[in-house]
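Add 20 to the 1-based position in the sequence shown for my numbering, that's all there is to it.
The block underneath contains the structure these notes are about, expressed in C-alpha cells.
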Amino acid sequence: GKIILSTVARLYHWKGISLSIEAIRKLPNHIRSKIVFLIVGDGEDFEHLKQLSKELPVVMLGRCKNEEAIGVLKISDIYLHSSFPGGGLSTSLLEALACGIAVIATRNEGAEEVIINAKNGTLLGTPDSTLIQKAIEDLFSDAAKRQSYGQIAKQTVREQFSWERTAEAYLKLLRTL
Numbered sequence: 021g022k023i024i025l026s027t028v029a030r031l032y033h034w035k036g037i038s039l040s041i042e043a044i045r046k047l048p049n050h051i052r053s054k055i056v057f058l059i060v061g062d063g064e065d066f067e068h069l070k071q072l073s074k075e076l077p078v079v080m081l082g083r084c085k086n087e088e089a090i091g092v093l094k095i096s097d098i099y100l101h102s103s104f105p106g107g108g109l110s111t112s113l114l115e116a117l118a119c120g121i122a123v124i125a126t127r128n129e130g131a132e133e134v135i136i137n138a139k140n141g142t143l144l145g146t147p148d149s150t151l152i153q154k155a156i157e158d159l160f161s162d163a164a165k166r167q168s169y170g171q172i173a174k175q176t177v178r179e180q181f182s183w184e185r186t187a188e189a190y191l192k193l194l195r196t197l
C-alpha cells in the first residue's frame, strides 16, 4: 500500500543519492509515512548513505543481480536519478524508463537526452534536494501523471533505443566511413 521509489546505481558521491535521501527527509510526515525508497547498489558511499537514511523509509538493498534489480524497478512507482555532472548515459535510467516508471531526474548522466520534462518524466535543472522533494510530492499526489509518464517513458525507450534503431544508427555511421 506504499508508493515505492527506487534507484539503481553505484553508490558514489557523484550519483547524488544523498540528495534523494535528503529530499525524503524534507517530505511532510503524511507523505513520508506512505513511501519507501529502495536503493540498489554498492560502493564507497554505502555506509555513509546508510547513516543518512536512519529513521527514514529507506531500504539499502546492496548489490543485486541484474534480474533482481530489474525486479525492483518493475515494482517501483517513481525512479530517482539525482546525479551530479559526470558520466555518460545511465543504463539504470534507461532500464527504469523501459520498465514504465515515472522518473525524476537531474539533467546529468544522459537524462537530458531521454527525459522530456512533463511528458515522460520530471527533469530538474540542478541537483537539489528541495527540487527533488517538490517533484516527489507532485508525483506522489498524482497517480494519473505517474502512469502517463511511465507509459510514455516505455515508448521513448522502445522508439529511441531498440536493437533495430541502434543497428540503423551503426549502419548509417559505417556508410559514412
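Here a beta-carbon is modelled for each residue, glycine too, at the ideal position from N, C-alpha and C.
All values derive from a computational prediction rather than experimental measurement.
Environment of residue i [buried if 16+ CB atoms lie within 10 Å]
i	result
ILE59	buried
HIS274	Outside the shown range of the chain (21 to 197) lies residue 274, about which nothing can therefore be said.
GLU42	buried
ALA138	exposed
ASN86	exposed
LEU31	buried
GLN171	exposed
Helix, strand or coil at residue i [DSSP, three-state]
i	result
SER182	coil
THR146	coil
GLY170	helix
ASP158	helix
SER38	helix
LEU69	helix
GLU75	coil
LEU197	coil
LEU47	coil
Identity of the residues DSSP links to residue i by a beta bridge
i	result
ASN137	GLY141
VAL60	VAL28, GLY82
ILE23	ILE55
To test your reading of the DSSP string, which unbroken alpha helix (DSSP H) runs of 4 or more residues are found completely within the region 82 to 130? Positions of the alpha helix (DSSP H) runs, each at least 4 residues long and wholly inside the region 82 to 130, are given as 86 to 95, 111 to 118 in order along the chain.
Inter-stretch contact at 8 Å, needing at least 3 Cβ pairs: the region 113 to 127 / the region 164 to 176: They touch, by the three-pair rule.
Three or more C-beta pairs below 8 Å linking the region 181 to 194 and the region 60 to 79: No, they do not touch.
Using 8 Å as the Cβ pair cut-off and three pairs as the minimum, do the region 108 to 118 and the region 128 to 148 touch? The count of Cβ pairs closer than 8 Å, one atom from the region 108 to 118 and one from the region 128 to 148, reaches three, so the stretches are in contact.
Pairs of beta-carbons, one from the region 78 to 95 and one from the region 51 to 70, closer than 8 Å: are there three or more? Yes, since at least three Cβ pairs between the region 78 to 95 and the region 51 to 70 fall closer than 8 Å, the two stretches touch.
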